[in-house]
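Asks: Let me give you the structure first, and then I'll get to my questions.
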Amino acid sequence: MTLVMVVDDDQDLAEMLGIVLTGAGIDVDLVSRGDEVMDIFRSNPPDLVLLDVMLPGLDGVEVCKLIRAESMVPIVMLSAKGDIQDIVAGLEAGADDYMVKPFKHPSELIARIRTRLRRTNADVKGTLSIGDLVIDVTAHEIRRGAKVISLTRLEFDLLVALAKEPGRVFTRDALLSEVWGYRHTTDTRLVNVHVQRLRSKIEHDAENPSIVMTVRGVGYKAGVVGTA
Amino acid sequence: MNWQSKSLARSLATKVILSTVALSLVVVWLTGSALYSQLSDGIKKVNLESSLSDARLSFYEARYQFLLIDGASQEEVKKVVNDVITTSITVGVTENIRELILVKVLNNGEAGQEINQPNYTFASNDLLSDTIPTRLRTNLTQSTDLSYDFAPLTYRDGTEIEALYVGQRVTIPASGKYDMFLVYTLSNQGATLELVQNSLYFTGLVLLFLIALITWLVVRQVVRPVRDAARVATQFTMGDFSQRLKVVGNDEISTLGTAFNEMAHSIEAQIGRLENLSKVQQRFVSDVSHELRTPLTTLRMASDVIYSQRADFDPIIARSAELLIAQIDRFEKLLQELLEVSRFDAEVAVLEPTDFEFVALIRRCVADFGVVLESADSQIKLLAPDSPVHIRADFRRVERIVRNLLANALDYSDGKVIEIECVETRTEVAVSVRDHGVGMEAESLTRVFDRFWRADPSRARTRGGTGLGLSIALEDVRLHNGELDAWGAPGDGANFVLTLPRIAGNEIAGRPLPVNPHKCSEITREKI
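First to last, the protein sequences are chains Y and V. 170 is the number that the numbering used here gives to position 170 of the first sequence; each next residue is one higher, with no gaps. Each number in the numbering used here comes from the position in the second sequence (counting from 1) with 228 added on.
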């Protein structure tokens, strides 16, 4: 069964999240302090972490960085602040997605969690190429020559989405719906931040990208195979 | 330095310098004129006296010569007359040019009697005798002494020159009486006077220039502190309350500076206190809104769980669950809008412009209200250009503005048709939302954008509006540098017109759509 770690200092909200997630058939591990997260994370690794920003002990953004340092597990941030800086800080710390409290519908939260847990590219098998990279979708591995590059699941999915349709220009909206599972476009910054993170890991020169190319005014597309 | 204080300082200095120069000009002119007239009088007097004594000598000499030859032969007389003429022309004490005219005086005009007498009439340089002033000739008939007069001397070639005529009657033996005139041209005197005049002009100009320069230096001393004060006051007006004047010395200017600085200090302190109060207030609203979010999330999820189970409940409890979830929706919307308002109040709202198509946005907003535009009996009609209308603006905010206008129109339309018109010009886009419902009184128009204001308090909001929608819309529009205008008439419905610059933040040149639907547009609609 799927295990989700819910980190929130508000006992009532955490319990309620537990009820809703359990109702959706997901096991829940409740943590109320930021500085307790890593111990529990290591002893009982979850499939996804639902992380509040404001936490006693250790700030949510810091916790996010710690988790990212040792795991590629999907992280969804919960924020009571809708302010841009907090969202961007969370995403830059390695969060895959975020939700602003209060959620429009609890079902939306579950939908997002499911998208992050599901293999979004289940239809793709074998290997793909993008730029000078080889993606082994089945083995969930990215190689440049003999060197293996490690990516989070979301970054992997983003790269596969671009690579499987090499000629297509993806708008940010299209990527949001394919990779993040959003039905309504709300915020395309999510895409921008993750593309930046992905580039910093796979590009030779992140300022001059040759693998994830920007199409000005439209979105992104895959770099030509064999170049770079 | 800004324009205002510059022109102030400039005009003050100019005013003082101009008036000083003007007054000095009058004084210098009067002094110069007096000086000149005294000098010229003196020069003329000296010149006249020397000319007269010269003439007196010549006349004396002539008369003496003519007396000596009384009774001599005609040849001898002629020779003496020629000698006298030559001496009179060539010998002189003054540098002025001398001319001699000798005119025979006719006895009672009876020319016939004297026809046998020799006539020694002479004029040097062939001067005409009528150049002699008649007044002088009349004087000579009455006096035996010499007479003089100033008159122009006309040569045969037409040149005219100012001259002094001195004349005396002499008698030439065996010929009769002659009027002898010595003419002294005054060209030398004129040259001297001109020199004096020019010197006076030059001195006057230099004096004026020096006075202007001195005035400028003095004025600058006074104007500079005034200019500084103006600059500081301007910066103060523009919101830099830390500006102070430099106070040097113990004069009137420094008193002004001290007074100004005290005023500035007091204003800065007052504003600081008010700013702080306002910050605390805004902070409180923001904190409250944030703090409410976590319990609201729990509430929402709990009510959602209950609501999803309502089929198993007793009808009363099931209905309560429905009401609960609806009110939580409303509560949440209110909270969101309060937060938005607190952002505007704290001036932290920022524009995030992107490029998008405007008509598609309108269509989507209409669709979100569950209205199908294409159907014939649709409550909403849309009139828009066929080609896409691209603008650069904050998508989220523009969407919110259109939604708020639509919600408002639907609330007050009484089920009658709502017309949306969208037009574009080169620099702006405009959309009007017109309903034909109850309309508004003129006094309501000024308050329609106020927070929590309702046109008719007894009227329920059918769509659960919060009362903040239009005021947030107005703030959103202002953030884009656009305009939102309202029009309404009782029984004739209302019209809201949104005008946005094509690129957010640019100035809008006008209103492509008039706010009063019964009037024509004030500017021609350009087709692009």
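From the three backbone atoms N, C-alpha and C, an ideal C-beta is built for every residue, glycine too. Computed from a prediction, not measured in an experiment: that's the story for all the values here.
Check whether chain Y comes within 8 Å of V/ARG682, counting only Cβ atoms and requiring the distance to be less than that.
Replies: Along the second sequence, read from residue 1 onward, the residue named residue 682 of chain V stands at position 454. No, its Cβ sits nowhere closer than 8 Å to a Cβ of chain Y.
Asks: Kindly indicate which residue of Y/GLU155, Y/GLY94, Y/MET1 and Y/LEU48 has the alpha-carbon position closest to the one of Y/CYS64.
Replies: Sequence index remark: in the first sequence, residue 64 of chain Y carries index 64 (1-based). Of Y/GLU155, Y/GLY94, Y/MET1 and Y/LEU48, the residue nearest in Cα terms is Y/GLY94.
Asks: Among residues of its own chain, excluding the 5 on either side of V/ASN347, which ones have a beta-carbon nearer than 6 Å to its beta-carbon?
Replies: Here residue 347 of chain V refers to the residue found at position 119 of the second sequence. So the qualifying residues of the chain are LYS332.
Asks: When the Cα atoms are used, what is the spatial distance from V/SER603 to V/CYS593?
Replies: Here residue 603 of chain V refers to the residue found at position 375 when the second sequence is read from its first residue. Here residue 593 of chain V refers to the residue found at position 365 when the second sequence is read from its first residue. Answer to the nearest angstrom: the Cα atoms are 16 Å apart.
Asks: Using alpha carbons as the reference points, say which of V/ARG624, V/GLU652, V/ASP605 and V/ARG571 lies closest to V/ILE646.
Replies: Within the second sequence, residue 646 of chain V is the residue found at index 418, counting from 1. Checking every option, the nearest Cα to that of V/ILE646 belongs to V/ASP605.
Asks: What does V/THR522 touch in chain Y if you count any residue whose Cβ is under 7 Å from its own?
Replies: Taking the first residue of the second sequence as 1, we reach residue 522 of chain V at position 294. The contacting residues are ASP10, LEU13, ALA80 and LYS101.
Asks: Would you say Y/ILE229 lies against chain V (beta-carbon separation less than 8 Å)?
Replies: Because chain Y is modelled from 1 through 228, residue 229 of chain Y falls outside the range shown and cannot be assessed.
Asks: At a Cβ cut of 9 Å, what residues of the region 540 to 570 of chain V count as close to chain Y, listed as they run along the chain?
Replies: Those residues of the region 540 to 570 of chain V that come within reach of chain Y (Cβ to Cβ, closer than 9 Å) are ILE556, GLU560, LEU563, GLN564 and LEU567.
Asks: Please look up how many angstroms separate the CB atoms of V/THR526 and Y/MET16, rounded, as I've assumed it's under 8 Å.
Replies: As a first step, residue 526 of chain V must be located in the second sequence, where it is residue number 298. As a first step, residue 16 of chain Y must be located in the first sequence, where it is residue number 16. Confirmed, about 5 Å.
Asks: Which chain V residues are close to Y/MET16, counting only those with a beta carbon under 7 Å from its beta carbon?
Replies: Counted from its first residue, the first sequence places residue 16 of chain Y at position 16. Correct list: THR526, MET529 and ALA530.
Asks: Under three-state DSSP, which class holds V/GLU480?
Replies: As a first step, residue 480 of chain V must be located in the second sequence, where it is residue number 252. V/GLU480: helix per DSSP, three-state reduction.
Asks: Does chain V have any CB closer than 8 Å to the CB of Y/GLY25?
Replies: In the first sequence, counting from the first residue as 1, residue 25 of chain Y sits at position 25. Judged by the 8 Å Cβ criterion, Y/GLY25 is not in contact with chain V.
Asks: From the DSSP output, read off the bridge partner residues of V/SER252.
Replies: Here residue 252 of chain V refers to the residue found at position 24 when the second sequence is read from its first residue. Partner(s): none; V/SER252 has no beta bridge.
Asks: My understanding is that Y/LEU55 touches Y/ARG33, with C-beta atoms under 8 Å, so please give their C-beta distance in whole angstroms.
Replies: Within the first sequence, numbered from 1, the residue matching residue 55 of chain Y stands at position 55. Within the first sequence, numbered from 1, the residue matching residue 33 of chain Y stands at position 33. Contact flag correct, Cβ pair sits at about 7 Å.
Asks: For chain V, is any of its Cβ atoms less than 8 Å away from the one on Y/GLY131?
Replies: Residue numbering aside, residue 131 of chain Y sits at position 131 when the first sequence is read from its first letter. No, no contact with chain V.
Asks: Is there a Cβ of chain V sitting closer than 8 Å to that of Y/HIS105, yes or no?
Replies: As a first step, residue 105 of chain Y must be located in the first sequence, where it is residue number 105. Yes, its Cβ sits closer than 8 Å to a Cβ of chain V.
Asks: Quick one: what's got a C-beta closer than 6 Å to V/ASP447's C-beta in the same chain, skipping five residues either side?
Replies: Start at 1 with the first residue of the second sequence, and residue 447 of chain V comes out as number 219. According to the sequence displayed, residue 447 of chain V carries Val and not Asp. The residues are ALA241 and VAL244.
Asks: Quick check: is the beta carbon of Y/VAL6 nearer than 8 Å to any beta carbon in chain V?
Replies: Position 6 of the first sequence, counted from the start, is the residue given in the question as residue 6 of chain Y. It does not: the Cβ of Y/VAL6 has no partner Cβ on chain V nearer than 8 Å.
Asks: Would V/ILE360 be called buried (16 or more neighbouring beta carbons within 10 Å of its own) or exposed?
Replies: Here residue 360 of chain V corresponds to residue number 132 of the second sequence, with the count starting at 1. Per the 10 Å Cβ criterion, buried.
Asks: Step through the CB atoms of chain Y and report whether any lies within less than 8 Å of the CB of V/VAL617.
Replies: For the purposes of this step, residue 617 of chain V is taken as residue 389 along the second sequence, with counting starting at 1. Not an interface residue.
Asks: V/GLU327 bridges to which residues according to DSSP?
Replies: Within the second sequence, numbered from 1, the residue matching residue 327 of chain V stands at position 99. According to DSSP, V/GLU327 bridges with V/VAL411.
Asks: For chain Y, check one thing: does any of its Cβ atoms lie closer than 8 Å to the Cβ of V/ASP583?
Replies: In the second sequence, the residue the question calls residue 583 of chain V occupies position 355. Yes - at least one Cβ of chain Y is within 8 Å of the one on V/ASP583.
Asks: What residues from chain V crowd round Y/GLY217, counting only those whose CB sits closer than 9 Å?
Replies: As a working note, residue 217 of chain Y is residue 217 in the first sequence. Ordered by position in chain V, the residues that pass the 9 Å Cβ test against Y/GLY217 are ASP583.
Asks: Looking at the unbroken beta strand (DSSP E) that takes in V/SER403, where does it start and where does it end?
Replies: Reading the second sequence from its first residue, position 175 is the one you call residue 403 of chain V. It is not in any beta strand (DSSP E) - V/SER403 carries neither H nor E in the DSSP assignment.
Asks: Is V/ILE629 near V/VAL705, with beta carbons less than 8 Å apart?
Replies: Working through the second sequence from its first residue, we reach residue 629 of chain V at position 401. Working through the second sequence from its first residue, we reach residue 705 of chain V at position 477. Their beta carbons are under 8 Å apart, which means V/ILE629 touches V/VAL705 by this criterion.
Asks: Spatial neighbours of V/GLY695 within its chain, please: C-beta separation below 6 Å, excluding the five flanking residues on both sides.
Replies: As a first step, residue 695 of chain V is located in the second sequence; it is residue number 467 there, counting from the start. Only PHE680 meet the Cβ criterion.
Asks: Chain Y partners of V/VAL533, CB-CB under 9 Å?
Replies: For the purposes of this step, residue 533 of chain V is identified with residue 305 of the second sequence, where counting begins at 1. Near V/VAL533 (Cβ distances below 9 Å), the residues of chain Y are MET16, ILE19, VAL20, GLY23 and PRO106.
Asks: Taking 8 Å as the CB-CB limit, is V/HIS708 close to chain Y?
Replies: Locating residue 708 of chain V in the second sequence gives position 480, where the first residue counts as 1. Judged by the 8 Å Cβ criterion, V/HIS708 is not in contact with chain Y.
Asks: To which residues of the same chain is V/GLU560 closer than 8 Å at the C-beta, ignoring the five residues directly before and after it?
Replies: The residue given as residue 560 of chain V occupies position 332 in the second sequence. Closer than 8 Å at Cβ, skipping near neighbours: LEU524 and ARG528.
Asks: Helix, strand or coil, according to DSSP, for V/LYS273 in the structure here?
Replies: As a first step, residue 273 of chain V is located in the second sequence; it is residue number 45 there, counting from the start. Looking at V/LYS273 - three-state DSSP - the assignment turns out to be helix.
Asks: Do you know how far the Cα of V/SER252 is from the Cα of V/LEU433?
Replies: As a working mapping, residue 433 of chain V is identified with position 205 in the second sequence. As a working mapping, residue 252 of chain V is identified with position 24 in the second sequence. Approximately 10 Å, taken between the alpha carbons.
Asks: Measure the C-alpha to C-alpha separation of V/PHE464 and Y/VAL76 and round it to an integer number of angstroms.
Replies: Looking up residue 464 of chain V in the second sequence gives position 236. Looking up residue 76 of chain Y in the first sequence gives position 76. Roughly 49 Å between the two C-alpha positions.
Asks: Does V/HIS493 get closer than 8 Å to chain Y when you measure Cβ to Cβ?
Replies: Here the question's residue 493 of chain V lines up with position 265 in the second sequence. Not an interface residue.
Asks: Would DSSP call V/TRP715 helix, strand or coil?
Replies: For the purposes of this step, residue 715 of chain V is taken as the residue at position 487 of the second sequence. In the structure shown, V/TRP715 sits in a strand (DSSP, three-state: E or B).
Asks: Using a beta-carbon distance below 8 Å, is V/GLN746 in contact with chain Y?
Replies: Sequence index remark: in the second sequence, residue 746 of chain V carries index 518 (1-based). Per the sequence shown, residue 746 of chain V should be read as His rather than Gln. No, V/HIS746 lies away from the interface with chain Y (no Cβ there is under 8 Å from its Cβ).
Asks: According to DSSP, simplified to helix, strand and coil, what is V/ASN709?
Replies: In the second sequence, counting from the first residue as 1, residue 709 of chain V sits at position 481. Reduced to three states, the DSSP call for V/ASN709 is coil.
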